[in-house]
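Here's the structure, in structure tokens; my notes come after.
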Amino acid sequence: MINDTFRHKGLRKAMVEKMRDLGITDERVLAAMERVPRHLFMGAESVFDEMAYENKAFQIGSGQTISMPHTVAYQSQLLEIAQGDKVLEVGTGSGYQAAVLAEMGAKVFSIERQKSLFDKTAPFLRELGYTSIKTFFGDGFVGVPGFAPFDKVIITAAADEIPRKLLEQMMIGGQMVIPLNDETKTVMRRITRIEENEYEEEQFIDCAFVPMLKGKAY
Ligand code: SAH
41 MINDTFRHKG LRKAMVEKMR DLGITDERVL AAMERVPRHL FMGAESVFDE
91 MAYENKAFQI GSGQTISMPH TVAYQSQLLE IAQGDKVLEV GTGSGYQAAV
141 LAEMGAKVFS IERQKSLFDK TAPFLRELGY TSIKTFFGDG FVGVPGFAPF
191 DKVIITAAAD EIPRKLLEQM MIGGQMVIPL NDETKTVMRR ITRIEENEYE
241 EEQFIDCAFV PMLKGKAY
């Protein structure tokens with residue numbers, strides 16, 4: 041049974057207003073976030089459902105987190121999703137970001153390196169009705185070449201380097217949103233594939249993410 045009440049919907053409306061206050065303007069992002077029942081993505085860690093609708097990140101087990109709502113909204117907005125876009129997400133985690141993108145009309149391919157999280161989240165997304173989201177257990181540095189090329193790529197962990205194989209899995213005109221570490225901080229970047237071998241890079245806000253790690257974890 042999916043427990044999503046009028047009270048939860050009210051909390052979500054307030055969260056969305058907060059996102060507006062924080063400068064999120066893409067109405068499709070806001071509408072999607074108003075639909076996804078974030079409190080169900082928090083696992084046993086969430087004591088009170090209200091906490092799910094505060095602008096905070098939370099532990100979801102296996103040392104991982106569900107990104108704070110503003111981060112999800114910000115990355116989703118930078119992706120400029122069009123209906124039917126094929127999106128590769130690195131770091132399925134709780135599945136929340138994937139659900140928001142699916143609500144925006146994207147075809148989501150999401151990859152997670154932690155087996156325990158993958159085993160939990162993949163069936164959970166199906167149970168919630170997000171049957172169009174394809175989940176993969178694997179290393180985001182390798183990507184999902186079998187389903188490439190993608191219109192958009194979203195990395196939801198902080199990377200020390202831009203994954204070269206993912207650049208190759210982007211369509212011409214495609215975009216990647218990635219939190220990239222420099223010596224002192226993590227900066228959100230957007231990379232656009234202009235031509236076969238030409239990429240353009242833009243820089244946005246400083247941010248905080250768990251690290252993007254190599255290989256799979258069991
Ligand atoms: N998008 C998630 C955020 C999860 S936190 C959500 O909405 O809840 C980042 C996730 O990235 C973690 O689950 C972590 O295990 C995963 N991750 C880190 N490095 C990875 C890699 N190389 N490949 C795939 N997943 C990775």
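Using the working numbering, you'd call the opening residue of the sequence shown number 41 and step up by one each time. Just so it is clear, CB atoms sit at the ideal spot from N, CA and C, and this is done for glycine as well.
Note on residue 156: under 16 other CB atoms within 10 angstroms of its CB, so exposed under the neighbour-count rule.
Between residue 82 and residue 91, the C-beta gap is smaller than 9 Å, which places the two residues in contact.
Excluding residues up to 5 positions away in sequence, 113, 116 and 117 lie with their Cβ nearer than 6 Å to the Cβ of residue 69 in the same chain. Residue 212 and residue 88 have their C-alpha atoms roughly 45 Å apart.
For residue 163, the uninterrupted alpha helix (DSSP H) run begins and ends at 155-167, by DSSP. Under the criterion of beta carbons closer than 8 Å, residue 127 and residue 140 do not qualify as touching, at roughly 11 Å. Counted as a single uninterrupted DSSP element, the stretch harbouring residue 88 is not any beta strand (DSSP E), since DSSP gives it neither H nor E.
One thing to note: residue 120 has its Cβ within 9 Å of the Cβ of residue 66.
Shortest gap from the CB of residue 149 to any heavy atom of the ligand SAH: 8 Å or more. For residue 62, the three-state secondary structure derived from DSSP is coil. For residue 195, DSSP records a beta bridge to 130. Looking at 124, 182 and 192, the one whose alpha-carbon comes closest to that of residue 233 is 192. By alpha-carbon distance to residue 188, the top candidate from 195, 205, 197 and 196 is 205.
In terms of side-chain proximity, the C-beta atom of residue 175 is found no nearer than 8 Å to any non-hydrogen atom of the ligand SAH.
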